[in-house]
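Sequences listed follow chains Z and W, in order.
Be aware that the first sequence starts at 53, since it is given in the working numbering, and climbs by one per residue.
Be aware that the second sequence starts at 1093, since it is given in the working numbering, and climbs by one per residue.
To keep things clear, I will list the structure first and then write my remarks on it.
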Amino acid sequence: MQEFLLILKGDGMSTLSPDEMQQLLLKYKAWVQKLGDQYVAGQRLQNKGSFMKNKDNVMTDGPFLEPKEMIAGYFVIRAKDQNEADTIALSSPHLGLYQIEVRPLVQPLMH
Amino acid sequence: MGRQQSVDSIVEHLFRNEAGKLVAVLTRIFGPSNIDLAEDVVQETLLAALDNWAPGKIPDNPAAWLTQVAKRKSLNVVKQLKTVQSHRKDLYAADSNYDEASEIFLDSEIQDSQLRMIFTCCHPSLPMESQIALTLKILGGFSIKEIAQALMSNEETITKRLYRAKAKIRSDEIPFDIPSGNKLELRLKGVCLSLYLLFNEGYNSSHPQMFIRKDLCLEAIRLTFLLTQHFDGRAEFYALLALMCFHAARLDARLDREGAIVIFEDQDRSLWNHELISKGFNYLREASKGDRLSEYHLEAGIAAEHCMAKDFKETNWQSIYDQYELLYGLKKNPIIKLNMAIISSQLEGIPKAIHALEELISDKELETYYFLYATLGVFNLKIKDYEKAGGYLSHAKSLTSSEKEQQFLNKRILECQM
């Protein structure tokens, strides 16, 4: 098993109606339940923060990017390979509202 | 184990109903010029529920959880705004302490906020179509898409309409309160009319998606019920509520299993919702306690007659005809004349009714009303004048864009050719 970071990009939830949010909640909850131990963590990011290009170029009070490029949140999941991780990402109810990037985490070498 | 919890443990439309309540409550804190801000905070609150409930556990009392979070978020917003703009007079809680602002979140006060919101959304300086869209969006928690579908419009138009309405609330400084005394008298009629039209949008809409129409009707009933609770003894609110219950009770019988229109005469009365009908009668009883006779009393009385009749033949047509006549005395609407002509077919026979209907064709308002020609078509079909029937039915078809209505007319046109 390997850990993967699912990076969600976009502003998909800002225009959802209450009913749509409730439907998303139910699907999202079912998704997490189905993943069981393969679900490790997940969090939404607040829509603010700062951006540092280098020591001399620090930007605060974003947004710094186009809404569709903004990172909205992430999940960490466990999967046996990229293929399974992709399948999990494809089954996410967030897909469609957000674009999802699926990246394997590098595991530190054990000595 | 939180993750084992059933995902169905929150009631349908919980978010929508709570959002409607919370936007009203927060508007009392932020002021009616800041409805947008209230909506944003509520959106954030629902997102917080997603963050916490999806990977974790849905709380035992989800509504209370949402209220708590909305309260905390809104008080934070007030605190922030106070530091940035120390002279914001429009913020209710700006000069009061935390406890005072907290009181707004008590159950009794929530209802009060919703009533204020009804009067703000149904303010006479807003155009009627904006009143309805605003009421659905803000009090009902409906999405722009749902509103556009229900009102047979598009999302862009509705978005613009809402934007302009909110701007008008700001520029005209439309208050967020429940009028009293003389002012109340002036406003009651308008509020009744807005809710009546909101209901009709659901009831008469030919939108194929039944659930949206039903939700609209139920929302109108919910808001009218709120008004009866606050203004106990206002007969017209009870009459309006009774009317809505009687009509809503018959909603399911208006389409058959395939979703085709079933005309009143052929409706399966066992599909009528008897709980709503008995509620309707209770409200009608309350409505008749006052000494006023509003148009809603008469319309509710007519609907009650239909609900009382065991079957179509047993209907007390004379009583219905008389009530329509009284109604026409209150408002000179040609559609009432149309209904009277239809009822007269039961009292004096179809040929006389056809004659009365044909006289209405010259009425400016009915000239292009598909229902007049559809009725003429169906009546002529009944007396086997197929040629005339076919002509009226085809003309009716050219006047409606609703697929369901066209299907209904096509079927009748085929009958003419058999």
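Even glycine gets a Cβ: it sits at the ideal position worked out from N, Cα and C.
For this session: Could you tell me whether the Cβ atoms of MET111/Z and LEU1142/W are closer together than 8 angstroms?
Result: In this structure, LEU1142/W does not lie closer than 8 angstroms to MET111/Z by Cβ.
Exercise. Residue ranges of each alpha helix (DSSP H) run of no fewer than 4 residues wholly in the region 72 to 142 of chain Z, ordered along the chain?
Worked result: 134 to 142
Problem set entry | Ranges of the alpha helix (DSSP H) found wholly within the region 1319 to 1394 of chain W, counting only runs of at least 4 | 1327 to 1341, 1366 to 1379
Exercise. By Cβ distance, which residues of its chain are closer than 6 angstroms to GLY1372/W, with the 5 residues on each side in sequence left out?
Worked result: ALA1334, CYS1337, PHE1338
Exercise. Quick one, which residues of the region 1222 to 1244 of chain W are near chain Z if we go by CB-CB under 8 angstroms, in chain order?
Worked result: GLY1233, PHE1234, SER1235, ILE1236, LYS1237, GLU1238
Problem set entry | Simplified DSSP assignment, three categories, for GLU1104/W | Reduced to three states, the DSSP call for GLU1104/W is coil.
Exercise. Mind checking if ARG130/Z is an interface residue toward chain W, Cβ cutoff 8 angstroms exclusive?
Worked result: no
Exercise. Residue ranges of each alpha helix (DSSP H) run of no fewer than 4 residues wholly in the region 1106 to 1166 of chain W, ordered along the chain?
Worked result: 1106 to 1122, 1127 to 1145
For this session: Work out the CA separation of ASN1274/W and ALA1185/W for me, nearest whole Å.
Result: Annotation note: pLDDT 46 at ALA1185/W (below 50); position unreliable, coordinate value reported separately. Each residue's Cα considered, the two are about 29 angstroms apart.
Problem set entry | Burial state of ASN1168/W, where buried means 16 or more other Cβ atoms lie within 10 Å | exposed
For this session: May I ask you to list, following chain order, the residues of the region 1383 to 1399 of chain W that have a beta carbon less than 8 angstroms from some beta carbon of chain Z?
Result: none
Exercise. Taking all protein chains shown into account, do 16 or more other C-beta atoms lie within 10 angstroms of the C-beta of ASN1472/W, making it buried, or fewer, making it exposed?
Worked result: The residue is buried, with at least 16 neighbouring Cβ atoms inside 10 Å.
For this session: Give a yes or no on whether 8 angstroms exceeds the smallest Cβ distance from VAL84/Z to chain W.
Result: Interface residue (Cβ-Cβ distance to chain W less than 8 angstroms): VAL84/Z is classified as such.
Problem set entry | Backbone CA spacing between GLU1195/W and CYS1399/W [nearest angstrom] | 44 angstroms
Problem set entry | C-beta neighbour in chain W for LEU97/Z, strict 8 angstroms | no
Exercise. Which value, in whole angstroms, describes the spacing of the CA atoms of ALA1345/W and GLU1507/W?
Worked result: 23 angstroms
For this session: Just list the beta strand (DSSP E) runs in the region 1234 to 1281 of chain W, keeping only unbroken ones of 3 residues or longer that don't cross its boundaries, in chain order.
Result: none
For this session: Say whether chain Z places a C-beta atom closer than 8 angstroms to the C-beta of TRP1157/W.
Result: no
Problem set entry | Per DSSP, the bridge partner or partners of ILE152/Z | LEU60/Z
Problem set entry | Near the ligand NAD: LEU1167/W beta-carbon under 7 angstroms from a heavy atom | Annotation note on the ligand NAD: not contained in the displayed structure, which lists no ligands.
Exercise. Are the C-beta of TYR126/Z and some C-beta of chain W separated by less than 8 angstroms?
Worked result: no
Exercise. Are three or more beta carbon pairs between the region 1356 to 1369 of chain W and the region 1315 to 1333 of chain W nearer than 8 angstroms?
Worked result: Verdict: no, contact absent.
Exercise. With a cut-off of 8 angstroms, does the C-beta of ASP1128/W fall near any C-beta of chain Z?
Worked result: no
Problem set entry | Rounded separation between ALA131/Z and ASP113/Z - CA only | 36 angstroms
Exercise. Under the rule that 16 or more other beta-carbon atoms within 10 Å means buried, what is ASP71/Z, buried or exposed?
Worked result: buried
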